[in-house]
Amino acid sequence: MEKKVRVRYAPSPTGYLHIGGARSALFNYLYAKKYNGDFVFRIEDTDIERNIPGAEESQLHDLIWLGIIPDESPEKPNPKYAPYRQMEKLDIYKKYAQKLVDMGVAYECYCTEDELAEMKEEQLSRGVKSFKYNRHCLNLTPEEKEKYKKEGRKPTIRLKMMENHEFKFHDLVRGDVSFNSNDIGDFVIMKSNGIPTYNFAVVVDDHLMEITHVLRGEEHLSNTPKQLQIYEYFGWEPPQFGHMTIIVNPNGKKLSKRDHNILQFMSQYKELGYLPEAIFNFLFLLGWTSENNQEIFTKEEAIKSFDPARLSSSPSMFDNKRLLWTNSYYIKHLNDEEYFDFILPFMKKVEFFAKKNEEELKKISLIFKQEIRNGQEIVDLLNEIVVKKENLGEEETAILDKPSSSIVIEVFKKSLQNLDEINEMNVKNLFKQVQSATGIKGKDLYMPIRIKLTGVMHGIEMFNIIDILGKEESLSRL
RNA sequence: GGCCUGUUGGAGAAGUGGCUUAACUCACUGCCCUCUCAAGGCAGCAUUCACGGGUCCGAAUCCCGUACAGGCUACCA
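Structure (structure tokens):
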């Protein structure tokens, strides 16, 4: 029987869910679901210095919000594979590290940070081609170890790399890749504080959790041979790897958490009124294309068509305009009920609408359904109408100064006063009346009124403006 | 420095030796619609695939070199 597909997303809780993380979770999820497998959410919290509170919850919940729902996680453990946080299974790593030491393929290293730095510098000055750990501690006698311990040194455990060994693997994204073990130094698998390093912990976890496929960022490509060495020593079957490209910012640089040009975190997009389905779709097409040029995918369609071999191997730039377009597409295709539920919290941000009843709000919200690209935009558009603009621009002032404008405004105001019901038909007729009464039409007719009402020369249909403001407020502005 | 990846219009990209005078989508530009903005409709937007060589009747596609970008080279993940 085929092994059940199991994939994972394993963030370190050092920050909230960001675009890159969400994307790699997304592709893993798609792969799992395509092959009826499990998607596991696991926490790699071995960098105890950098962990921040709340990061794990945010990572998990933002993922769920996106529709990337883990089958297993710290909140939903499968007893067979738990625990899902690395810091909760330190004894397990210790046991496996000891096993490697007993096998003679790992050894205690008592070198200090300073000594290591010195060694590196020394190698560099000699002009060595590729520097790596000089194996100073490889064959320490028990006496020497004792001496170091007395000095208060705490050892790390390093893995001994094989001599001149080719690590070959077939990358799901890049095809055949190979590395030579001679280029890689003996690396630390257990830190002196008894916590495993990333490269060691992933291997143990992936094996114990029976992970079959690993889709991860390209930054891990060079880590793969190290991990393969561990698999080889244990005699474990490694998962299939696929290395996806990173996402770069508009300057072509890797997205860094400190980059403020672009929003990094899912929660920020959520707050600005992006739909999870839109982000899902956008992320899906960032570095992946379908065979048939399809641009809009439901989750089910994405699952069905996903193929890691079609993942791009060159970096993708994050294009905010494209996200905006995708989001606007999804907003337009919401049904009116869904749309209203989505947009209501944003409308409520505008004070003017706080007291209005739902029926009214719903009607108004619909005016903007074709207009907005995210939730925040309706706030801006509504404010533009509702908040009276005090200082007019030059162009606007010039229009109001035209002789015809005062006539239009005068006549329009009178007719509006006499209007008993504001509806689309009535307002249209109103303009017709003003037109025949004054002989003024087109721009000269509409613009003065528009400017009087909102202070700007653009915006939604005039009837809607008057409707939103109400007769009283409209009259007072004219 | 070493090792490993990558490089097709402003962006995502299709393309796997002849059907490519390089698809599709976003952006951009113009036109139509229209009081205006948006939406929508239509049209335009790479004689060329980082550069230089080579193989071939034929190359964006294969080979070599160069340049540039990124990753790893941590007791970070």
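Under our numbering, residues 138 to 615 are what the first sequence spells out, in order. Virtual Cβ for every residue (Gly too), placed ideally from N, Cα, C.
Item to check | Classification of R587 by the beta-carbon crowding that lies within 10 angstroms, buried from 16 upward | outcome: It is buried - the Cβ of R587 has at least 16 other Cβ atoms within 10 Å.
Segment contact, 8 Å Cβ cut-off, at least three pairs: the stretch 375-384 with the stretch 345-355: yes
Requested in this report: Measuring alpha carbon to alpha carbon, tell me which of I367, I206 and G322 ends up nearest K257.
Outcome: With distances taken between Cα atoms, K257 lies closest to G322.
Query raised in the report: Can you list the beta strand (DSSP E) stretches of 3 or more residues lying completely in the stretch 476-546, in chain order?
Result: Runs of the beta strand (DSSP E) lying entirely within the stretch 476-546 and spanning at least 3 residues: none are present.
Discussion item. Quick check on A491: buried or exposed, where buried means 16 or more other Cβ atoms within 10 Å of its Cβ?
Written reply: exposed
What distance in whole Å lies between the Cβ atoms of S442 and S453, which are believed to be in contact at a cut-off of 8 Å? 18 Å between Cβ atoms; not a contact.
ask   = According to DSSP, is V548 helix, strand or coil?
value = helix
- Task: Determine the direct distance from the alpha carbon of L275 to that of Y172, and round the result to whole angstroms.
- Result: 45 Å
For A243, list the residues DSSP reports as bridge partners.
L296
What residues match up with P333 in a beta bridge as DSSP calls it? M327
ask   = Are A234 and I205 closer than 8 Å when you measure CB to CB?
value = no
Which residues bound the alpha helix (DSSP H) around N418? P413 to F421
- request: Starting from the Cα of E250, find the closest Cα among D228, R222 and K291 and give me that residue.
  value: K291
* Asked: DSSP on Q401, reduced to helix/strand/coil?
  -> coil
- Since R222 and V177 are thought to touch, with beta carbons under 8 Å apart, how far apart are those beta carbons, to the nearest angstrom? Actually they are not in contact, since the Cβ atoms of R222 and V177 sit about 12 Å apart, beyond 8 Å.
Which value, in whole angstroms, describes the spacing of the CA atoms of I185 and N457?
One C-alpha to the other measures close to 34 Å.
**Item:** Coil, strand or helix - S210 by DSSP
**Value:** strand
Q) Starting from N563 and walking both ways along the beta strand (DSSP E), at which residues does that stretch end? A) Not the beta strand (DSSP E): N563 falls in the alpha helix (DSSP H), residues E561 to T575.
Should T278 go down as buried or exposed, given a rule of 16 or more other Cβ atoms within 10 Å for buried? exposed
Discussion item. Is the beta carbon of I180 closer than 8 Å to that of P216?
Written reply: no
**OP:** Between the Cα of E281 and those of K170, E245 and F304, spot the shortest distance and give me the residue it belongs to.
**Re:** E245
Going by the beta-carbon positions, is the gap between N511 and G592 smaller than 8 Å? no
Within 8 Å, strictly: CB atoms of L615 and I504: no
Count the other CB atoms, across all protein chains shown, that sit within 10 Å of the CB of D604; report buried if there are 16 or more and exposed otherwise. buried
Taking the C-alpha atoms as reference points, what is the distance between F434 and D308?
-> 26 Å
- Going along the chain, which unbroken runs of the alpha helix (DSSP H) with 4 or more residues stay wholly within the stretch 140-226? 156-171 and 192-203
Discussion item. Going by beta-carbon coordinates alone, are L200 and A254 separated by less than 8 Å?
Written reply: no
- Message: Using DSSP's beta-bridge definition, name the partner residues of M381.
- Response: G354
Original post:
Between L553 and K486, is the Cβ-Cβ spacing less than 8 Å?
Top reply: no
| message | Taking the straight line between their C-alpha atoms, what separation do you get for G191 and N360? | response | Looking at the two C-alpha atoms, the distance is approximately 28 Å.
How is the alpha helix (DSSP H) around F434 delimited, first residue to last?
-> That residue, F434, is in no alpha helix (DSSP H); it is neither H nor E in DSSP.
Exercise. Would you please state the rounded distance, in angstroms, between the beta carbons of M299 and R143? I believe it to be under 8 Å.
Key: 28 Å between Cβ atoms; not a contact.
Discussion item. Measuring CB atoms only, is the stretch 397-408 touching the stretch 326-345, in the sense that at least three cross pairs come out at less than 8 Å?
Written reply: No, the stretch 397-408 is not in contact with the stretch 326-345.
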